[in-house]
Each structure stands twice: as structure tokens, then as C-alpha cells.
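Under numbering that gives the first Met the number 0, the first residue of the sequence shown carries the number 0, and numbering increases by one thereafter. Just so you know, even glycine gets a beta-carbon here, dropped at the ideal spot from N, CA and C. For reference, the structure discussed in these notes is given below.
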Amino acid sequence: MKVVVSIGGSVLMPEPGSERVSKHAAVVEDLVAEGCRVGCVVGGGGVAREYIGAARDLGANEIELDQLGIDVTRLNARLLIAALGEDSVTAPAHDYEEAAEALRRDGLSVMGGVAPAQTTDAVSAALAEYIDADLLVYATSVPGVYSDDPNEHDGATKFEELTASDLVDVVADLEMTAGASAPVDLLASKIIQRSGMRTIVIDGTDPDRIARAVRSGSHDGTDVIPTSAGDEPSYWALDDR
0 MKVVVSIGGS VLMPEPGSER VSKHAAVVED LVAEGCRVGC VVGGGGVARE
50 YIGAARDLGA NEIELDQLGI DVTRLNARLL IAALGEDSVT APAHDYEEAA
100 EALRRDGLSV MGGVAPAQTT DAVSAALAEY IDADLLVYAT SVPGVYSDDP
150 NEHDGATKFE ELTASDLVDV VADLEMTAGA SAPVDLLASK IIQRSGMRTI
200 VIDGTDPDRI ARAVRSGSHD GTDVIPTSAG DEPSYWALDD R
């Protein structure tokens, strides 16, 4: 089974420290040991936002800010790599070819951002499409996809299941609302739509939730199901694929 796991920077390290990083690394290593090929894409989180805000105040342009954000995602990726075993990857992949080669060689790749104007949400979806992954998991700080920003609207409804087209519509509406945020951005949603990638959006602050989602499809988040898929997933790790 090939799976891409997108780990938000604020999920991996909500504050300076190693405990959460170590727990996520242990889950990744366990999945690889069980026979999964795992591509990890790590976001920048609050640290990236702080650096970008400071650089914007200093007069940096948008491309420079994007590059700064990419640098932070790769630093976070290095933190995850530092927590992995000695025989694991030694540095973040800088593009999809490097990531795919690491997956073929070691069964594991870790990367951050790739290019300006592209979030790690989109990088994760593009990597999943590039390697023809069986599953894409977004480990976010919210427990799924909502009708509105749950941080702003108490009445926001969580979707248990969406088609990829529905996901695009929901995310587009969220992004049009001032101050709103979505667990998956619009470009990522469109890549998921065109690729037909089965996708799960979960609260990844507890890394064991990631393990359960990959191993058996068990989760409390949102399923994004391709039009061509059946009602039930058929390719979980426990099926020995």
C-alpha cells in the first residue's frame, strides 16, 4: 500500500519540543515496517506564519515570503527525519522525483514545500498523484472538513463523506469568506478531484489516529471518495496489499 501523509506544521510541533515529533515518527516507522510505502509532507505551521509576518513587515515580496515558508517546512521535515531511525532518509526531498525515488528505495520519503505559490496541501496531493498512491491522509488540527470555519462558526457542520467535486465546492466557499480557513486548500482539492485520489481528512494531533486510518480506514474525520470508488475501501494495509 502506498500512502501520502500530510502533517501540518502545527500538528507536528504546536510548540517547541520533541515529544509530538517523536510520536509521529514512531507511527511512520511502524507503518513502513508493516509494509506500507509512506510519503510524508510536512507543513510550516505557526513558525512559518511568524517568520512570514516578520519578513512582510521588513518589506519582503510575496515570492520571497513563499521561499521563506518553504525553508521552514523543510526545517520541520528535518525535525521529523531526526526522530526517525538511523537507516531512514537523511534529508528532505526537494521535488517529486526525489520523493518517488526514496519511496522505491527505502519505502519512505519526507519532504516540505516545493515551489512558491503552492502550499504543502497541494504538494501532498501532487505527490499522491505522482506516485499513484492508494490513499492520501491530511493530518490537520481540525477533525475533518466543515461547512464553515469551525473556529469562527459554532454551527459549522462536519461532513462525514464528500465527493471530490463537493470538496472543491466546499473549500471554494470557505476561502471566499474573510478570515476563514480550510483544512485542505483549493488547489489541493482540485488535484484530488482530477486524480480520483481517495482522501481522508482527520485530526492528526494524536498520531495514533493516522495509524488507524491507514491500517483499517477507521477514523472520525471526513472521507473524500472518488466517483469511481465503491462504498467501502478495499486496499487498507490489513488487507496485505
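Check the Cα spacing between A99 and each of A127, E85, L78, A24: the tightest is with A127.
Here DSSP, grouped into helix, strand and coil, assigns G38 to strand. Rounded to the nearest angstrom, the Cβ distance from L107 to S123 is 15 Å, too far for a contact under 8 Å.
Taking all protein chains shown into account, A82 has 16 or more neighbouring C-beta atoms within 10 Å of its C-beta and is therefore buried. Where D120 is concerned, the enclosing alpha helix (DSSP H) starts and stops at 119-129.
DSSP places L186 in the helix class (H, G or I) of the three-state scheme.
Here I6 is buried, its C-beta having at least 16 other C-beta atoms within 10 Å. Taking R73 as the centre and dropping the five residues before and after it, the same chain places the C-beta of P91, G111 closer than 6 Å to its C-beta, in chain order.
Taking the CA atoms as reference points, V2 sits about 25 Å from D168. With a contact defined as Cβ atoms closer than 8 Å, S140 and S9 qualify at about 5 Å. Taken through DSSP and simplified to helix, strand or coil, V141 comes out as coil. Scanning its chain for C-beta atoms nearer than 6 Å, with the 5 sequence neighbours on each side dropped, one finds around S146 the residues A155, T156, in chain order. Looking from the CA of A138, the closest CA among M0, V26, P15, S17 belongs to V26.
Around the beta carbon of P142, 16 or more other beta carbons sit within 10 angstroms, so the residue counts as buried. Between P182 and the set L78, V144, T204, the nearest pair of CA atoms involves V144. Rounded to the nearest angstrom, the gap between the Cα atoms of S194 and I130 is 11 Å.
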